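See below for the structure under consideration.
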């Protein structure tokens, strides 16, 4: 029986993503949740205990678990981000400038959390508010403004608004390139490069996209090493771009490397890892290995739904689209070597980087790639 890592109580409601439990419809204060990649005795925590502990954090807007160092995700992440926004708005009344910075940060982070679970309509006005505040405080050429531009552009791309998204991403890339080196410079630059590459992919500029992705991988491998989670995210994107280019065996090799990194560092049902497993299923489908492909995609889809991901989320729609029309799992043996099936070019299945801000160092906001 799971118990809360703070109060050790095991008698309250359970909200989890395990096969033997049904998730709650919505969260309550007594929900026992798994909000991050912690394992063992640190896996479970009551939502009310988490909210209380998080309020005592040195930097609320980090939205990072102090134990596993991973970003909180799902509805729990949204709940924490809403609490942060309320807290920052109280700060604004006591200290106008710092309060505005904290509010901009909290708006950005709440929007990122909402976008991550597919609630794009709720996220859009929050990103726009965050951008407006950042430009008012810092001026139009500050890296903090680039972060807001980057995230707003990703959301617009999700909605197919490529002509609105591209100039925002180009402006963000220009600001990051011109910024002085800092602790997050390479990560921020890679974020903008990655997201612009994904837009190029969506608009049919595959070779430009591939060259930009390769540049991203080299940049982050030289900065963080070859086994970093951000490197895994870029490998995922490069692999699926290779699929678009018809280079399926190269894609499979990269995607399996991506999974080896993720499986060492994530809980088995972390949304980012689930997405990457489902993406391996897409690659295997293109290679004609339909039985294995279906198993990977069904596994990802089931657990993403259990995490509370909206039916409108691009990952949910992606796997549903690929599974639609495929034969039942037990009917695939005789079709393992069937002809290759090409992924529709219009479908979005890559991982964007959303930059989270932290208001503890307002002139050099930290950003973390969520994948």
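In our numbering, the protein residues as written are 224 to 594.
Even glycine gets a Cβ: it sits at the ideal position worked out from N, Cα and C.
Here the structure is a predicted model, which is why all the values come from computation and not from measurement.
CB-CB under 6 Å to residue 357, same chain, minus the five flanking residues each way: which ones, in chain order?
In the chain shown, residue 357 corresponds to position 134, counting from 1. Cβ neighbours of residue 357 beyond the five flanking positions: 327, 367, 368 and 371.
Out of curiosity, what's the CA-to-CA distance linking residue 305 and residue 349?
Indexing the chain shown from 1 puts residue 305 at position 82. Indexing the chain shown from 1 puts residue 349 at position 126. Computed Cα separation, rounded: 11 Å.
Per DSSP, residue 440 forms a beta bridge with which residues?
Against the chain shown, residue 440 aligns to sequence position 217. Paired residues: none, contrary to the question.
Can you tell me whether DSSP reads residue 255 as helix, strand or coil?
Reading the chain shown from its first residue, position 32 is the one you call residue 255. Three-state DSSP puts residue 255 in a strand.
Tell me which residues share the same chain as residue 353 and place their Cβ nearer than 6 Å to its Cβ, disregarding the 5 neighbours each side in the sequence.
Locating residue 353 in the chain shown gives position 130, where the first residue counts as 1. Correct list, in chain order: 327, 330, 331 and 371.
Please confirm if the region 527-540 is in contact with the region 339-349, defined as three or more CB-CB distances below 8 Å between the two stretches.
Because the criterion of three Cβ pairs below 8 Å is met, the region 527-540 and the region 339-349 touch.
Please check the pair residue 416 and residue 435, which I expect to be a contact at CB under 8 Å, by giving their CB distance rounded to whole angstroms.
Taking the chain shown and counting its residues from 1, one reaches residue 416 at position 193. Taking the chain shown and counting its residues from 1, one reaches residue 435 at position 212. Indeed, because the Cβ distance is near 5 Å, the residues count as touching under 8 Å.
Could you check how far apart the C-beta atoms of residue 303 and residue 274 are, in whole angstroms? I think they sit under 8 Å.
Translated into positions along the chain shown, residue 303 becomes position 80. Translated into positions along the chain shown, residue 274 becomes position 51. Confirmed, Cβ separation roughly 7 Å.
State the CB to CB distance for the pair residue 378 and residue 413, rounded to an integer number of angstroms; the pair is presumed to be in contact (CB under 8 Å).
In the chain shown, the residue the question calls residue 378 occupies position 155. In the chain shown, the residue the question calls residue 413 occupies position 190. That belief does not hold up - the Cβ atoms of residue 378 and residue 413 are roughly 19 Å apart, past 8 Å.
What's the C-alpha gap between residue 265 and residue 287?
Reading the chain shown from its first residue, position 42 is the one you call residue 265. Reading the chain shown from its first residue, position 64 is the one you call residue 287. Rounded to the nearest angstrom, the two C-alpha atoms are 15 Å apart.
Within the chosen definition, does the region 485-496 reach the region 467-475 through at least 3 CB pairs nearer than 8 Å?
Contact between the region 485-496 and the region 467-475 is absent, because fewer than three Cβ pairs lie under 8 Å.
Buried or exposed for residue 531, going by 16 or more other Cβ atoms inside 10 Å?
Looking up residue 531 in the chain shown gives position 308. The residue is buried, with at least 16 neighbouring Cβ atoms inside 10 Å.
Whose CA, out of 387, 497 and 421, lies closest to the CA of residue 460?
Looking up residue 460 in the chain shown gives position 237. When only C-alpha atoms are compared, the closest one is 421.
Can you have a look at residue 554 and say buried or exposed, based on whether 16 or more other CB atoms are within 10 angstroms of its CB?
In the chain shown, residue 554 corresponds to position 331, counting from 1. No answer about residue 554 holds up, because its pLDDT of 45 lies below 50 and its placement is not dependable.
What's the C-alpha gap between residue 567 and residue 427?
As a working mapping, residue 567 is identified with position 344 in the chain shown. As a working mapping, residue 427 is identified with position 204 in the chain shown. Unreliable placement is indicated for residue 567, whose pLDDT of 33 sits below 50; the coordinate value is still reported in the next sentence. Approximately 12 Å between the Cα atoms of the pair.
Output the residue ranges of the beta strand (DSSP E) runs that lie fully inside the region 320-388 and measure 3 residues or longer, sorted by chain position.
As far as the region 320-388 is concerned, it has no whole beta strand (DSSP E) run of at least 3 residues.
From residue 433 to residue 291, what does the alpha carbon distance come to, in whole angstroms?
The residue labelled residue 433 in the question sits at position 210 within the chain shown. The residue labelled residue 291 in the question sits at position 68 within the chain shown. Each residue's alpha carbon lies about 32 Å from the other.
Tell me which same chain residues have a C-beta within less than 7 Å of the C-beta of residue 261, skipping the five on either side of it?
For the purposes of this step, residue 261 is identified with residue 38 of the chain shown, where counting begins at 1. 288, 290 and 291.
Can you tell me which of 383, 307, 504 and 255 puts its alpha carbon nearest to the alpha carbon of residue 280?
Along the chain shown, one-based indexing puts residue 280 at 57. The shortest Cα separation from residue 280 among 383, 307, 504 and 255 belongs to 307.
Using beta-carbon positions only, say whether residue 527 and residue 497 come within less than 7 Å of one another.
Here the question's residue 527 lines up with position 304 in the chain shown. Here the question's residue 497 lines up with position 274 in the chain shown. Contact: yes.
Grab me the residues of residue 293's own chain with a C-beta within less than 6 Å of its C-beta, minus the 5 sequence neighbours each way, in chain order.
Numbered from its first residue, the chain shown carries residue 293 at position 70. Hits under 6 Å: 259 and 260.
If you drop the 5 nearest sequence neighbours on each side, which residues of the same chain put their C-beta closer than 6 Å to that of residue 311?
Looking up residue 311 in the chain shown gives position 88. Contacts found: 325, 326 and 329.
Taking the alpha carbon of residue 418 as the point to measure from, which residue in 374, 487, 363 and 505 has its own alpha carbon closest?
One-based indexing of the chain shown puts residue 418 at position 195. The option with the nearest alpha carbon to residue 418 is 374.
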